[in-house]
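Taken in order, these protein sequences are the chains called A and B. Using the numbering used here, the first residue of the first sequence is number 956, and each one after it goes up by one. Using the numbering used here, the first residue of the second sequence is number 218, and each one after it goes up by one. C-beta atoms are modelled at their ideal positions from N, C-alpha and C, and glycine is treated no differently. Accompanying notes for the structure given below.
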Amino acid sequence: MLRAKKQTVPFKGTKEQENQLKQVIKELRDEKGCLMPIMQKAQDIYGYLPIEVQKIISDELSVPMEKVYGVATFYAQFNLMPKGDYQISVCLGTACYVKGSGNIFNKIKTTLKIDSGECTPDGKFSLDACRCIGACGLAPVMTVNDEVYGRLTVDEVETILQKYA
Amino acid sequence: MEMVNIKINGVDVQAPQGSTILEAARLANIEIPTLCYLKEINAIGACRICVVEVKGARTLVTACVYPINEGMEIFTNTPKVIESRKKTLQLILSDHDKKCTSCVRSKNCELQKLCHDYGVDDADRFQGVANKFELDDSAAHMVRDNNKCILCRRCVAACEKTQGIGVIGANERGFATFIGSAFDMDLADTACISCGQCIAVCPVGALYEKDNTKEVFDAIADPKKHVIVQTAPAVRAALAEEFGYPVGTDSQGKMFAALRRLGFDKVFDTNFSADLTIMEEGTEFLDRLNNGGKLPLITSCSPGWIRYAEHYFPDFLDNLSSCKSPQQMFGAVAKSYYAEKNNIPKEDIVCVSVMPCTAKKFEIGREDQAANGVPDVDFVLTTRELARMIDRAGLMFDALPDEEADAPLGLGTGAAVIFGATGGVMEAALRTVVEIVTGKEAPSLDFVDVRGIEGVKEATYDVGGTTVKVAVASGTANARKVLEAVRNGEKEYHFIEIMGCPGGCVNGGGQPIQPASVRNFVDIRAERAKVLYEIDKNNPLRKSHENPAVKELYDTYLEKPGSHRAHELLHTKYKARDLYK
Ligand code: SF4
Ligand code: SF4
Ligand code: SF4
Ligand code: FES
C-alpha cells in the first residue's frame, strides 16, 4: 500500500470523475506547460489532489509522480486533503493569537485527531489556520463554514463541535 | 571554432564562442567554485557561489551559466566577489547540520572545502531556526540525510534527466523545501533503481551508501569464518582516487595488496566470474539465435538496469539473459565448487564483494540469489567503503606493492576486465561468440565500434555468415531510448548490452566521488575506462573461453556452459515490479 502522507480520508473518486480528468488531459496534453492547468482542472473535479488523482495524471502524462507532487506542494492553491462537510478555520492572526487562539487550535486538533490542513476520516470536519479575518473585536475567532464564533474559550470548543457531529 | 577576446582579472584571454565564464576562466587557469552546477547534469544558476564581477553589469553574475562575449571584462576575485561567496556559504550553513567530524564526506565535501577556502570563520553568523528532517534509511542501498542537504538539486537532475527516473524532487517551498519522493514516501517504496547516481553527484554528506565496513571487519576477525573477497573490474580503475591519485590511475596491484593486508583469507576477482558470464551468456545467445529464442537478448550484469527493467519495462523481461550478474555467479561458485574442493563448509564462508555499485547491495537480497541455500554474496562494499577500510586499518596506500589475486577464482582475462566500461560486455561476448561459431579467432579482438562513452552505440558484425546487429546503452535514460525504438519496431537488434550507469560501472554510484571542480573539466568515465582497456591490452589472455580456471570449472564441475548444474548455480529469474508500493 502507498504510505501516503496524511491521507486520512478514504478516496471516493468515481469512474465519471476519472473519465472527466482523462478527457481534460487529452485536450491539454500537447500544450507546453500543461501540468499546472491539468492539476487545476483535476482539483476542480475532485476538490483536492490525493495520490489516486496524482497517479492518474502521472500515468497519463508519463511524468514521474514526484513531479506532480512537487508542484502540488509548491503552490498553496493545491490541496492534498479534501475539505470536510464542515470546514473549520481558526484565526491565528496577531489579535486572535495573543488572546489564545493557538490553544483553541490545538484543542480542535486533539479533539478531532487531525492536523492543520487535514480532514477527519469520516469526511465531516477539516481544519485550517487562517490569517486575520477582520473580526479582531471578537478575538479569538473561529469559523465553521459560514458561522462565526467569537470570544472563544477552550472549554467551548467541544460543545460547538458537537453541534455538527 | 570562433574565438572571443575577453579579459579576466586584467589578463587577455581567448575562448571559444559560446563558452560560459566558468569555462573561459578555466582556460586561463582560474578556478571558479560551483555548487549547483555540474557539467552535463545540472545548470540552473541557483546557488550563486560562482558569482563574478563583469564590467558594466549592475549585479554580480553567475559564471556557471553566463556566456562570454567579445570584449567582456571579468573579475573573479575582487573583495566584493569573495565577500558574496562567503555570505552564500554562511547562509547555507545557517540551515545545515555542521557535524563534520562524524560526516561521511568530511575531507571530500565540497561545502567544507569552500568554507575553508573562503575563510568562513563564523559558521553561525546567520544561525536561526533550522529544519530537522528524519533520516530516510529505508532503501537497501542508501541513506538520505536532508539535514546536510544544500538543495543544489544535482541529485534530482541525475535521477530525472541522466537516469530518466525522477523518483526524487523538491517538495514544498521556501524554507520548508526538501528533496524527497511523492507523498513523502520512503525511497524503498518508490521505483528507485538503487543506481546511486544521486550519491555520486551530491557535493555534501546528504546522500551515502549503507555502510557495511564494520560487518566485514568483524567477519575477518572471526576465526571460524573463511572470508573471501572479489573485486569488480571497475574498482581497480578508480580506487586510487580515494588516496589523492588523479582520475585514470590503475589501482589493480595495490588493490590486491591492500585486500590481502586487510586480512581476507583469499583475494579473488570478479573478473573470473565475468569470464564465466561470457561462457553462459554467449551460449544462451547462440542458442536463442539458432533456435528461434526471444531476441534481442539483453545483458543482465547490471542490477540497476535489471531493477529498471522490472519497474519500467516489464514487457522486456523475457529478453533479459537469465544469467546472474558476475557478482552473484562468483558467490554461487565459491560456496559450491570452491567450498567442496577445499573442504570448507559453505556456511563458514563469508563472501564479500567490492563493487563500484550501490545496486549490488540491493541485488544480494533479491529472491533466487542463494543457489546453495546460503546467500551467494554476504556483504557488498562500494569502492569508497574499501578505501575507508584501508584508512581505518592504517595501510599506507602509496607504499603498497603491486600484487596479484589468488588462484583459481582470482584468474581473469582481458575480456573480463573491460566489463567495467560501457560496451565491454558486448566486446567480450563477441570475442568468444565469433570464435565458437567460426572456429577461428576474430580478425581483430578489438571491437572498437562498441567502445567509447556515448550513451547509445550500434554496430553490425558478421558472425560466421550471420549478420548480428548489436546495440550498447548506458544510463537508464539511454536504455529507455533503445527499448522504445525496439518496442515500436523502429529498430531491430539481436543483442543489446545495457548498463544502469552512464559510461558503465567505471562511473557507478559506488565509485570515488569527484567534486564539481574535477567533473566540470575531466570526463571521469573516459579516463577510468582507459585504465581497463590498457589492462586488457596487456593481458596475454584476452578471451573468456581461454580462462584456464573457467575451463577447469567446466571440465571438473559444471560439465559445459548451459548445463543443468550451471543453470542451478548461475541463472535466475526476474519479476515485474510496481511503480509505487
Ligand atoms: S556535509 Fe560537509 S560541511 Fe556538512 S557536516 Fe558533512 S563534511 Fe561538514
Ligand atoms: S539511486 Fe538512482 S533511482 Fe534511486 S533516487 Fe538515486 S538516482 Fe534515483
Ligand atoms: S541531496 Fe545532495 S545533491 Fe541532492 S540537493 Fe541535497 S545537497 Fe544537492
Ligand atoms: S549558480 Fe553557478 S554554481 Fe550554482
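- For methionine 991/A, there are no C-beta contacts with chain B under 8 Å, since the nearest C-beta of that chain is about 14 Å from it.
- Judged by DSSP secondary structure, aspartate 1014/A falls within the alpha helix (DSSP H) whose first and last residues are 1006-1016.
- About 5 Å separates the beta carbon of tyrosine 710/B from that of alanine 688/B, a gap short enough to meet the 8 Å contact definition.
- The Cβ atoms of leucine 255/B and arginine 742/B do not sit closer than 8 Å to each other.
- Remark: the shortest separation between the CB of isoleucine 410/B and any heavy atom of ligand 2 falls under 7 Å.
- For phenylalanine 1029/A, a Cβ of chain B is located within less than 8 Å of the residue's own Cβ.
- Sixteen is the threshold: when 16 or more other Cβ atoms of the shown chains lie within 10 Å of the Cβ of leucine 239/B, as they do, the residue is buried.
- Residues of the same chain with a CB within less than 7 Å of the CB of glycine 345/B, apart from the 5 flanking positions on each side, are Ser311 in chain order.
- Secondary structure of alanine 423/B (DSSP, three-state): coil.
- Shown here, glutamate 351/B sits in coil according to DSSP, grouped into three states, outside any helix or strand.
- Assignment of beta-bridge partners to asparagine 222/B by DSSP yields Gln231/B.
- Counting along the chain, histidine 333/B sits inside no beta strand (DSSP E); it lies in the alpha helix (DSSP H) bounded by residues 327-334.
- For glutamine 414/B, the enclosing alpha helix (DSSP H) starts and ends at 414-418.
- In the DSSP annotation of this structure, cysteine 1091/A is not part of any beta strand (DSSP E), being labelled neither H nor E.
- Summarising the contact set, residues whose Cβ lies nearer than 6 Å to any heavy atom of ligand 4 are, in chain order, Thr251/B, Leu252/B, Cys253/B, Tyr254/B, Gly262/B, Ala263/B, Cys264/B, Arg265/B, Ile266/B, Cys267/B, Thr279/B and Cys281/B.
- Bounds of the alpha helix (DSSP H) holding isoleucine 523/B are 520-529.
- For arginine 361/B, the enclosing beta strand (DSSP E) covers residues 359-361.
- By alpha-carbon distance to arginine 1106/A, the top candidate from Ile1115/A, Val1099/A and Pro1095/A is Pro1095/A.
- Per DSSP, reduced to three states, the secondary structure at threonine 599/B is strand.
- Runs of the beta strand (DSSP E) spanning 3 or more residues and lying entirely within the region 259-288 of chain B occur at 268-271, in chain order.
- Within the region 385-402 of chain B, the residues whose Cβ lies closer than 7 Å to some Cβ of chain A are Ile385, Gly386, Ala387, Asn388, Glu389, Arg390, Ser398, Ala399, Phe400, Asp401 and Met402, listed in chain order.
- Put simply, the region 482-500 of chain B touches the region 765-784 of chain B. At least three CB pairs are less than 8 Å apart.
- For glutamate 290/B, the pairing in a beta bridge is given by DSSP as Lys224/B.
- Here the alpha carbons of threonine 655/B and proline 765/B stand approximately 21 Å from one another.
- The shortest C-alpha to C-alpha distance from proline 450/B to any of Ala622/B, Leu244/B and Ala676/B is the one to Ala622/B.
- In terms of beta-carbon proximity, glutamate 701/B stays away from the interface with chain A, with every pair separated by 8 Å or more.
- Valine 650/B is positioned such that its CB atom lies closer than 8 Å to that of leucine 503/B.
- Taking 7 Å as the cut-off, one finds no heavy atom of ligand 3 near enough to the beta carbon of arginine 736/B.
- Using a cutoff of 7 Å, the CB of cysteine 366/B does not count as near ligand 2, since none of the ligand's heavy atoms is closer than that.
- Using a cutoff of 7 Å, the CB of glutamine 978/A does not count as near ligand 2, since none of the ligand's heavy atoms is closer than that.
- With fewer than 16 other beta carbons inside 10 angstroms of its own, methionine 218/B counts as exposed.
- Residue pairing of glutamine 447/B in beta bridges, as defined by DSSP: Ser570/B.
- Glycine 656/B carries a coil assignment under DSSP once its states are collapsed to helix, strand and coil.
- Within chain A, the C-beta atoms nearer than 9 Å to that of glutamate 377/B come from Pro1019, Glu1021 and Lys1022, in chain order.
- One finds nothing in chain A with a Cβ atom closer than 8 Å to the Cβ of glycine 692/B; even the nearest lies about 16 Å away.
- For glycine 383/B, the chain A residues whose C-beta falls within less than 7 Å of its own C-beta are Pro1019, Glu1021 and Lys1022, listed in chain order.
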